[in-house]
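Colleague: Pasting a structure here, questions to come.
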Amino acid sequence: MSMAAGLRADLAPLRRSPGARPAIGVVHLGLGAFFRAHGAIYLEEAMQRSGGAWGIAGVSLLSPGQRDALAPQDCLYHAVELGPEGEKPRLVEAVQEVLVAREDPQAVLALMAAPNVRIVSLTVTEKGYCHEPSTGRLNAAHPDIAHDLAHELPVSAPGFIVRALQRRRAAGLRPFTVLTCDNLPGNGRMVRGVVLEFARRVDPALAAWIESEGRFPSTMVDRIVPATKPEDIARVGELTGFADAAPVMHEPFRQWVVEDDFVDGDRPDLGAAGVELVSDVEPYEHMKLRMLNGTHSALAYLGYLAGHETIAETIADPVFEGFVRALWEDEIIPAVSAPPGVDLGVYAGSLLERYRNPAIRHRTWQIAMDGSQKLPQRILGTLSANLAAGRRSPGLVLAVAAWMRYVGGVDESGNAIDVRDPLAARLRALSDGATEAAGKVGALLGVREVFDAQLAGTLLPAVIEAYGRLVAVGARRAASEIAQ
Ligand code: CS2
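According to my numbering, the residues represented by the sequence shown are 13 to 496, in order.
What follows is the structure, encoded as structure tokens:
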């Protein structure tokens, strides 16, 4: 994101307010647009309302882009709310420094092992946990994990967490709380399992210490934050008069539900900032993953195939609005138990409003990324629940078929699709290895990281049929056959 070069010369440099330099209390792994528009703002508000030293040190695991854009502007940036009343920029001052792990893993470990750091939060995306998506367990064959088990200086998120906890234990410090903010079911439990499995291979006594003293609260995070585009950077300059090479654009809605389970109860006053602190996040996570992320992915694959660039554009087409309504009503809501006090019909209505927001240019291509890591918790869990209850799921089956068509790498006009997925090459080869729908679908259902054997067997005939419809009549017509 080194777009600073494009900034107009007459814009003023960003300046930190006096006193907005709290000590670092949080190290965030995977500093990207989402956390900067969500967790960072909540932490800033918690400090503004109740104090505390919870400044954030951001870490990029791989690329220097965020650091290169943020460091020259003292890690300050605008978060711009895009709502019905127009654009509302605010300056976010919670981030104090940004490190790039690949450049200096030693510095990242030293920071994570510092006594004042009490939380390590993460948005490393689904694939960043190096787990098996279908089982949630550590993938010990993952090249980054193999590397990290053999070397003191890690490259993976689990590697950094375990090595930093090892240093803390050796120094007689308390562990930090691991606060995962990725869209995964039971995300705290999953990361705990991955960390413990890794730690056992390093030192069983360390694993036992983490098991008894460590805390891994699960969370549900929600705010739609599309990737920042070059035109957003120019717009923020016009809007604010400041030179900001790293703004983030987000919708007005936000929600953060967190299990109140921190090491020694030591945490920012999240409640003061509107975070819901609960004893069990699972019903919230389930609802959000199945109702929001599930339909997001379904709309992304079908919308992309139908030639739509964004979610707002896709949902403005009455066919896709009808399709997503049918998905919620007939296939997803029956498979979700509502969290206390939530009406799922009302929740679906509010999601539709959020998708319609024309100011949010959230690309179908962006959401389509990493489907192999997203499908199980977004779509396949709902499908399995429906199968067990004897309910039909034609819309979810069509979404699976659309993912298969998408990873085949050619759109409905014969153009190449730039498929981004850790399994992209394998998925493409499986698709190319067969000429007919039945062969392609059969081969892709054989990818065990995504589909378990039993589900794959049951789904086969329906997915072949749906794939055939996509080829014969296209995504839009196929969706219209399911739409209300
Ligand atoms: C989206 C999510 O990119 C995606 O896969 O479905 O990032 C979605 O926008 C957020 O989870 C909303 O909270």
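For every residue, glycine included, the Cβ atom is placed at its ideal position computed from N, Cα and C.
Could you say which of D215, P406, L74 lies nearest to D116 if we only look at CA atoms?
Modeller: L74
Colleague: Could you round the C-beta distance between C193 and T240 to whole angstroms and report it? I think they count as a contact, below 8 Å.
Modeller: Rounded, the Cβ-Cβ distance is 18 Å, inconsistent with contact.
Colleague: Cβ atoms of Y367 and A411: under 8 Å apart, would you say?
Modeller: Pairing A411 with Y367 gives a Cβ-Cβ distance that is not under 8 Å.
Colleague: Give me the residue from S349, G353, G315 with the minimum Cα distance to V336.
Modeller: G315
Colleague: Look at I66 and P30 and say whether their C-beta atoms are less than 8 Å apart.
Modeller: It is Trp, not Ile, that sits at residue 66 in the sequence shown. Against a cut-off of 8 Å, the Cβ pair of P30 and W66 comes out as no contact.
Colleague: Taking 7 Å as the cut-off, is the C-beta of Q378 nearer than that to any heavy atom in the ligand CS2?
Modeller: yes
Colleague: With distances taken Cα to Cα, identify the nearest neighbour of P264 among D273, A83, A246, I236.
Modeller: I236
Colleague: Which of helix, strand or coil does DSSP assign to I345?
Modeller: helix
Colleague: Tell me, which residues are paired with W268 by DSSP?
Modeller: V233
Colleague: Cβ of V499 within 7 Å of any heavy atom in the ligand CS2?
Modeller: Past the edges of the chain, shown from 13 to 496, lies residue 499, and the structure says nothing about it.
Colleague: Once the 5 residues before and after A24 are set aside, which same chain residues still bring their CB inside 8 Å of it?
Modeller: G253, F254, A255
Colleague: Verify whether the separation of the beta carbon atoms of A158 and L41 is less than 8 Å.
Modeller: A158 places its beta carbon 8 Å or farther from that of L41.
Colleague: Would you kindly report the start and end of the unbroken beta strand (DSSP E) that includes P101?
Modeller: 98-104
Colleague: Helix, strand or coil: which one does DSSP assign to S425?
Modeller: Coil.
Colleague: Tell me which residues share the same chain as L82 and place their Cβ nearer than 6 Å to its Cβ, disregarding the 5 neighbours each side in the sequence.
Modeller: V110, A258
Colleague: Measuring straight from C-alpha to C-alpha, what distance separates I476 and E164?
Modeller: Rounded to the nearest angstrom, the two C-alpha atoms are 48 Å apart.
Colleague: Please name the residue or residues paired with S72 in a DSSP beta bridge.
Modeller: V112, per the DSSP bridge assignment.
Colleague: Name the residue from A484, V419, L19 whose alpha carbon lies nearest to the alpha carbon of A246.
Modeller: L19
Colleague: In its own chain, which residues sit with a C-beta less than 7 Å from the C-beta of P187, not counting the 5 before and 5 after it?
Modeller: L177, R180, I222, E225, G226, V275
Colleague: Is any non-hydrogen atom of the ligand CS2 found closer than 7 Å to the C-beta of I236, if you look at the structure I gave you?
Modeller: Relative to the ligand CS2, the beta carbon of I236 is positioned inside 7 Å of a heavy atom.
Colleague: Using the Cα positions of G198 and A491, report the straight-line distance between them to the nearest angstrom.
Modeller: 31 Å
Colleague: Using 7 Å as the cut-off, classify the Cβ of N369 as near or not near the heavy atoms of the ligand CS2, replying yes or no.
Modeller: no
Colleague: Indicate, with yes or no, if the ligand CS2 has a heavy atom lying under 7 Å from the CB of L387.
Modeller: No.
Colleague: By the DSSP assignment, the beta strand (DSSP E) with A91 in it spans what residues?
Modeller: Secondary structure note for A91: its beta strand (DSSP E) is the uninterrupted segment 89-95.
Colleague: Indicate the three-state DSSP secondary structure (helix, strand or coil) for V475 in the structure shown.
Modeller: helix
Colleague: Ordered along the chain, which non-local residues of its own chain (more than five positions away) have a Cβ less than 6 Å from that of R481?
Modeller: A490
Colleague: Please go through the segment 157-193 and give each complete alpha helix (DSSP H) segment of 4 or more residues, from N-terminal end onward.
Modeller: 169-182
Colleague: If you check the beta carbons only, do V132 and V39 fall under 8 Å apart?
Modeller: yes
Colleague: Taking buried to mean at least 16 other C-beta atoms within 10 Å of its own C-beta, is Q118 buried or exposed?
Modeller: Residue environment analysis places Q118 among the exposed positions, since fewer than 16 neighbouring C-beta atoms fall within 10 angstroms of its C-beta.
Colleague: Starting from M299 and walking both ways along the alpha helix (DSSP H), at which residues does that stretch end?
Modeller: Residues 294-299.
Colleague: Roughly how far, in whole angstroms, is the beta-carbon of P330 from the beta-carbon of D382, given that I think they are within contact range, below 8 Å?
Modeller: P330 to D382, Cβ: 29 Å. No contact.
Colleague: Is it true that the segment 291-304 meets the segment 389-399, where meeting means three or more beta-carbon pairs spaced less than 8 Å apart?
Modeller: yes
Colleague: Rounding to the nearest angstrom, what Cα-Cα distance links A183 and Q385 in this structure?
Modeller: 37 Å
Colleague: Using a 10 Å radius around the Cβ and a threshold of 16 neighbouring Cβ atoms, would you call R266 buried or exposed?
Modeller: buried
Colleague: Kindly indicate which three-state DSSP category A153 falls into: helix, strand or coil?
Modeller: Residue state, collapsed to three classes: coil.
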